[in-house]
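Heads up: the protein sequence lines correspond to chains A and B, in order. Each number in our numbering comes from the position in the first sequence (counting from 1) with 10 added on. Each number in our numbering comes from the position in the second sequence (counting from 1) with 10 added on.
There are 2 protein chains.
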Amino acid sequence: MPEMPDSIDDTSPVTAAMVIIGNEILSGRTQDANLAYAATRLNDFGIQMREVRVIPDVEATIIATVNELRQKFHYVFTTGGIGPTHDDITAESIAKAFKVPIAIDPMARALLKEHYGADNLTEARLRMARVPEGAVLIDNPLSRAPGFQIGNVLVMAGVPVVMKSMIDSVAPRLIGGNPVLSRTVTALVRESDIAIGLENIQSKYDTVEIGSYPFFKKNMVGANLVLRGTDAALLEQVVGDLKSLIRDLGAEPLDETPA
Amino acid sequence: MPEMPDSIDDTSPVTAAMVIIGNEILSGRTQDANLAYAATRLNDFGIQMREVRVIPDVEATIIATVNELRQKFHYVFTTGGIGPTHDDITAESIAKAFKVPIAIDPMARALLKEHYGADNLTEARLRMARVPEGAVLIDNPLSRAPGFQIGNVLVMAGVPVVMKSMIDSVAPRLIGGNPVLSRTVTALVRESDIAIGLENIQSKYDTVEIGSYPFFKKNMVGANLVLRGTDAALLEQVVGDLKSLIRDLGAEPLDETPA
Chain A
11 MPEMPDSIDD
21 TSPVTAAMVI
31 IGNEILSGRT
41 QDANLAYAAT
51 RLNDFGIQMR
61 EVRVIPDVEA
71 TIIATVNELR
81 QKFHYVFTTG
91 GIGPTHDDIT
101 AESIAKAFKV
111 PIAIDPMARA
121 LLKEHYGADN
131 LTEARLRMAR
141 VPEGAVLIDN
151 PLSRAPGFQI
161 GNVLVMAGVP
171 VVMKSMIDSV
181 APRLIGGNPV
191 LSRTVTALVR
201 ESDIAIGLEN
211 IQSKYDTVEI
221 GSYPFFKKNM
231 VGANLVLRGT
241 DAALLEQVVG
251 DLKSLIRDLG
261 AEPLDETPA
Chain B
11 MPEMPDSIDD
21 TSPVTAAMVI
31 IGNEILSGRT
41 QDANLAYAAT
51 RLNDFGIQMR
61 EVRVIPDVEA
71 TIIATVNELR
81 QKFHYVFTTG
91 GIGPTHDDIT
101 AESIAKAFKV
111 PIAIDPMARA
121 LLKEHYGADN
131 LTEARLRMAR
141 VPEGAVLIDN
151 PLSRAPGFQI
161 GNVLVMAGVP
171 VVMKSMIDSV
181 APRLIGGNPV
191 LSRTVTALVR
201 ESDIAIGLEN
211 IQSKYDTVEI
221 GSYPFFKKNM
231 VGANLVLRGT
241 DAALLEQVVG
251 DLKSLIRDLG
261 AEPLDETPA
């Protein structure tokens, strides 16, 4: 994986990738609800999401994907496939990716025993206590069955409420850089009318990323101009330039997209 | 890319990957709304979505991702980055991926001229008429600026209404295999109680994929059991086995998830 920044004053970004494991997302049956939350929450802690992959419940694919991404990014987050059924193969696949054995973790077993009761600790439920050797558990306050972290890979549940509680519990303990701040200015002009002016502004500021996202709604055409960067004062300056540009085009800049 | 099936009786699946290009999805600001529609619609035409990547508006990343995926899958669909602004770099990047020049396409130019009027065909708007050499246009009935197909790569807009109309216009002309059919049975039992029985049923049927997706809502715990395969009669048989399993556990199988 890339080297971590040396200090909190270092401006090198801390990066992450996410692997969404699940045939149900790929088939279109279920809409992913985890990426937006994870990306936003990680950014609060100075970790920037740089790539996401949605892959099927296929062992070889999980192994290859995780092994590629954990070399490229500081952190890799996986969601899905850590339940008790036959199609839950994430923990086993991650152990194979790291070439370590997998076994029932005593702490995870204790959590499940407390949750289900000693008499109901079935074989299927004990599957959820299996973690790769050397992994650290990630707390699941909701349904107890934990996630885990091994190396720079964090393995989380796919059910959105559980995934949210897991990311909330691990994010504060990760090493992050400067959070990316963003400002949005809405222009009620066609994107193609503002394009040249926008390019000129972008070329003046190389540490602020300007994205233009057009919208079309009930007789209204416009674009949300989204600025992203780590320097709040500089963002404010670019907001000023953008507002002048929009006024030069005869429109009034808005701070919010009209409903 | 993998070889196409020889005939419509061939059971080899026709596969696709999707590349969602856009910093706004990666940052969590915007929720992707295209994957679920594209996957469902392509499946109607016998094309199975096998991998999705969300990547930033970075030329080298777009080139490497598209070149990797177009070798692995029959079709690659991209969304995003074909508008008129400086951050719209998809068409240029695809041309570089295929090592072909990019130029203004006369047909695309004519479409834009008709839409905006000859006097308003600005430099920024003409950017949207640039397509790689050898590409075929994809119709955009909504805002005219077309997508395009080059080789097995189909380049579409990111705005969901436009993307939907583009996929509807191209899907029928693609070569597909047998559509994957699906059936869902809902069990109001804990997933961990049904896991062993489910694994036994799965082991009987190697051409039907059984997925188990737990849910937790207002005092109700259960799992949606989703069967996927191309043989309708066989799916029906597996549905029968699942319903027996659920009844053996003392619950009544449901055809729909309770609200």
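All C-beta atoms in this analysis are idealised placements derived from N, C-alpha and C, irrespective of residue type, glycine included.
Taking C-beta pairs closer than 7 angstroms, name the residues in chain A that residue i reaches, listed in chain order.
i: SER202(B); result: PRO94, THR132, ALA134, ARG135
i: GLN212(B); result: HIS96
Please state whether the Cβ-Cβ distance between residue i and residue j is less than 8 angstroms.
i: PHE87(B); j: MET28(B); result: yes
i: ALA43(A); j: PRO142(A); result: no
i: GLY161(B); j: ARG80(B); result: yes
i: ARG39(A); j: VAL236(B); result: yes
i: ASN33(B); j: GLU219(A); result: yes
i: SER290(B); j: ARG140(A); result: Chain B is shown only over 11 to 269; residue 290(B) falls outside these bounds and no answer can be derived.
i: PRO182(B); j: PHE55(B); result: yes
i: LEU244(A); j: SER222(A); result: no
i: GLY272(A); j: THR217(A); result: In the structure displayed, chain A extends from 11 to 269; residue 272(A) sits before or after that span and is not available.
i: ILE57(B); j: LEU184(B); result: yes
i: LYS10(A); j: ILE73(A); result: Limits of chain A in this structure are 11 at one end and 269 at the other, which puts residue 10(A) out of reach.
i: THR267(B); j: ASN234(B); result: yes
i: ASP92(A); j: GLU102(A); result: Note that residue 92(A) corresponds to Ile in the displayed sequence, not to Asp. No, Cβ-Cβ distance for ILE92(A) and GLU102(A) is not below 8 angstroms.
i: ILE31(B); j: LEU45(B); result: no
i: MET11(B); j: HIS125(B); result: no
Give the interface partners of residue i over in chain B, defined as CB-CB distance under 9 angstroms, in chain order.
i: PHE226(A); result: LEU152, SER153, VAL169, VAL171, VAL172
i: GLY288(A); result: With chain A represented from 11 up to 269, any question about residue 288(A) goes unanswered, as that position is not in the structure.
List, in order along the chain, the chain B residues whose C-beta lies closer than 8 angstroms to that of residue i?
i: ARG183(A); result: Those do not exist, as ARG183(A) stays about 20 angstroms from chain B at its closest Cβ, beyond 8 angstroms.
i: GLU209(A); result: THR95, HIS96
Below 9 angstroms on C-beta distance, what does residue i contact in chain A?
i: ASN33(B); result: GLU219, GLY221, VAL236, ARG238
i: ALA205(B); result: GLY93, PRO94, THR95, HIS96, ASP98, THR132, GLU133, ALA134, ARG135, ARG137
Among the options, which residue has its Cα nearest to the Cα of residue i?
i: PRO263(A); options: GLY239(A), ARG238(A), GLY232(A), GLN247(A); result: GLY232(A)
i: LEU36(A); options: ASP115(B), ASN53(B), THR71(B); result: ASN53(B)
i: ASP241(B); options: ASN130(B), GLU266(B), ASN188(B); result: ASN188(B)
i: LEU152(A); options: VAL163(A), GLN159(A), ALA167(A), PHE158(A); result: ALA167(A)
i: MET138(B); options: SER103(B), ALA155(B), GLY127(B), GLN58(B); result: ALA155(B)
i: LEU191(B); options: GLN41(B), ALA49(B), PRO15(B); result: ALA49(B)
i: ASP258(B); options: LYS227(B), ILE206(B), PHE226(B); result: ILE206(B)
i: ASN130(A); options: ARG200(B), MET173(B), GLU133(B), HIS125(B); result: ARG200(B)
i: VAL172(B); options: HIS125(A), PHE226(A), ALA128(A), THR132(A); result: PHE226(A)
i: TYR47(A); options: ALA26(B), GLN41(B), THR132(B); result: GLN41(B)
i: GLN159(B); options: VAL76(B), GLU246(B), GLN247(B), GLY260(B); result: VAL76(B)
i: ASP270(A); options: GLY127(A), GLY157(A), THR71(A), ALA128(A); result: Beyond the ends of chain A as shown, which are 11 and 269, falls residue 270(A); an answer cannot be given.
i: LYS270(B); options: THR71(A), GLN247(A), GLY260(A); result: Given a span of 11 to 269 for chain B in the structure shown, any question on residue 270(B) remains unanswerable.
With respect to 7 angstroms, is the separation between the Cβ of residue i and the closest non-hydrogen atom of the ligand HEM below this value?
i: GLN41(B); result: This structure does not include the ligand HEM; it has no bound ligands of any sort.
Exercise for review: Evaluate contact between the region 160 to 179 of chain B and the region 56 to 73 of chain A, counting only Cβ atoms and requiring at least three cross-stretch pairs below 8 angstroms.
Suggested key: no
Practice item. Answer yes if the region 187 to 205 of chain A comes into contact with the region 250 to 262 of chain A, meaning at least three C-beta pairs across the two stretches below 8 angstroms, and no otherwise. Key: With the cut-off at 8 angstroms, the region 250 to 262 of chain A and the region 187 to 205 of chain A touch.
Check your understanding: Are three or more beta carbon pairs between the region 212 to 225 of chain A and the region 94 to 109 of chain B nearer than 8 angstroms?
Key -> yes
**Study point:** Validate contact between the region 53 to 63 of chain A and the region 107 to 124 of chain A using beta carbons, cut 8 angstroms, 3 pairs
**Key:** no
Check your understanding: Between the region 40 to 64 of chain A and chain B, which residues of the former have a C-beta closer than 9 angstroms to a C-beta of the latter?
Key -> THR40, GLN41, ASP42, ALA43, LEU45, ALA46, TYR47, ALA48, ALA49, THR50, ARG51, LEU52, ASN53, GLN58, MET59, ARG60, GLU61, VAL62, ARG63, VAL64
Check your understanding: Of all the residues that make up the region 102 to 122 of chain B, which are near chain A by a beta-carbon distance shorter than 8 angstroms?
Key -> none
Review point. Can you list, in chain order, the residues of the region 64 to 82 of chain B whose Cβ is nearer than 7 angstroms to any Cβ on chain A?
Key: VAL64, ILE65, PRO66
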